[in-house]
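Asker: Quick note on our numbering: the sequence shown kicks off at 76 and runs consecutively.
Ideal Cβ placement from N, Cα and C applies to all residues, glycine included.
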Amino acid sequence: MRRVLFLGPPGAGKGTQAKKISEEFNIPIIATGDLLRENVKKGTELGKIAKKYMDEGTLVPDDIMLKIIEQAIKDLDSFILDGFPRTIKQAEGLEMLLNKLNKNLEYVIYFDVPDEEIIRRLTARRICPECNRIYNLNFNPPKNDEECDECKVKLITRDDDKEQVIRKRIEVFKENTYPLVEFYDKRNILYRIDGTGDTNEIEKRIKEIIL
Ligand code: AP5
Ligand code: MG
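1. Opposite Arg-200 in the DSSP bridges: which residues?
2. Tell me where the alpha helix (DSSP H) around Arg-280 begins and ends.
3. Can you tell me whether Pro-217 sits near the ligand AP5, meaning its C-beta is under 7 Å from at least one heavy atom of the ligand?
4. Would you kindly report the start and end of the unbroken alpha helix (DSSP H) that includes Arg-262?
5. In chain order, what residues of the same chain have a beta carbon less than 8 Å from the beta carbon of Lys-243, not counting five sequence neighbours either side?
6. Could you check the C-alpha separation between Lys-95 and Tyr-128 for me, to the nearest Å?
7. With a floor of 3 residues, list each beta strand (DSSP E) that falls wholly inside the region 122-165, ordered by position along the chain.
8. Check whether the region 79-90 and the region 155-175 touch, using three or more Cβ-Cβ pairs below 8 Å as the test.
9. Distance check for Asn-211 and Cys-223, CA to CA, integer angstroms please.
10. Given this structure, state the Cα-to-Cα distance separating Leu-265 from Leu-180, to the nearest angstrom.
11. Secondary structure at Asp-235, three-state DSSP: helix, strand or coil?
12. Find out if the Cβ-Cβ distance for the pair Gly-270, Phe-186 is shorter than 8 Å.
13. Answer yes or no: do Glu-221 and Lys-227 have a C-beta to C-beta separation smaller than 8 Å?
14. Per DSSP, what kind of secondary structure is Glu-170 in: helix, strand or coil?
15. For the beta strand (DSSP E) containing Leu-82, name the first residue and the last one.
16. Bridge partners for Asp-224 per DSSP, in chain order?
17. Assuming Arg-208 and Asp-236 make a contact with CB atoms under 8 Å, what is their CB distance in whole Å?
18. Suppose you measure from the CA of Thr-274 to the CA of Pro-216; what does that come to, to the nearest Å?
19. Here's a check: name, in chain order, each residue in its chain whose Cβ is nearer than 6 Å to the Cβ of Asp-121, leaving out the five neighbours to either side.
20. How about Ile-124 and Phe-258: do their beta carbons lie closer than 8 Å?
21. Among Lys-261, Phe-100, Glu-250, Asp-152, which one has its Cα closest to the Cα of Leu-286?
22. The ligand AP5 heavy atoms versus the CB of Gly-108: any closer than 7 Å?
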């Protein structure tokens, strides 16, 4: 049983590593960005509200996110959280929710990646609209020209992967989300890793912590 949180700036590799660890240990991923994007795609009420914030690189309101997470988490014993919490208020809400469910968060992994590397990564990211697999035209290209290795469908660019929006997301991260490093450090469950280098090396760094 593992309850893990991946914390880090946009483009830090949270989604990439979540997929690897999830497949290896058979732990479900709760990725709030993916959940919201699915709602935008389906045109749900939530999707309509969320789109406005996502397109400008700001955060969807805490009360909405807390409701989503409660639904997603309540029946799971193990999980990897990717993209939630992102504010102190969300972290406090999660703590209350887990207390109520008699569960606790075990590991918070913070991915350290410099800003310029983030911009380089995100301007070259492509994702699969079917399975959410993540690619990079420079660092992790698909086998066939812009097509998902698994689903064979054409890869897409995320609407928020434009340089101006990426810079806004980095700023929002520093202001709202970075304070969670101290929040979890105080609870003695924070582990920092270098998020640069080969993705398999980074996976090893994570496994050494959660094994
Ligand atoms: P979300 O989808 O969570 O985006 P994010 O936090 O900005 O993070 P990313 O998904 O961009 O980066 P990642 O760390 O997953 O990196 P990846 O593995 O893809 O959120 C989107 C929006 O939804 C938010 O802006 C907000 O509006 C809303 N939202 C979501 N959750 C919310 C919440 N809790 N509260 C409020 N609002 C919320 O990797 C990036 C690229 O780098 C890829 O191309 C990858 O192939 C490449 N790469 C990965 N690792 C390496 C490596 N080691 N070397 C080189 N390249 C690499
Ligand atoms: Mg992601």
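Answerer: The structure says:
1. Asn-211
2. 274-285
3. no
4. Here Arg-262 belongs to no alpha helix (DSSP H), and DSSP marks it neither H nor E.
5. Glu-131, Gly-132, Thr-133
6. 29 Å
7. 154-157
8. yes
9. The alpha-carbon atoms of Cys-223 and Asn-211 are separated by roughly 11 Å.
10. 10 Å
11. coil
12. yes
13. no
14. helix
15. 78-82
16. DSSP output for Asp-224 lists no bridge partner at all.
17. That belief does not hold up - the Cβ atoms of Arg-208 and Asp-236 are roughly 15 Å apart, past 8 Å.
18. 13 Å
19. A quick correction: the sequence has Leu, not Asp, at residue 121. Once the five neighbours on either side are set aside, the close Cβ partners of Leu-121 are Asn-114.
20. no
21. Put simply, of Lys-261, Phe-100, Glu-250, Asp-152 the residue whose alpha carbon is nearest the alpha carbon of Leu-286 is Phe-100.
22. yes
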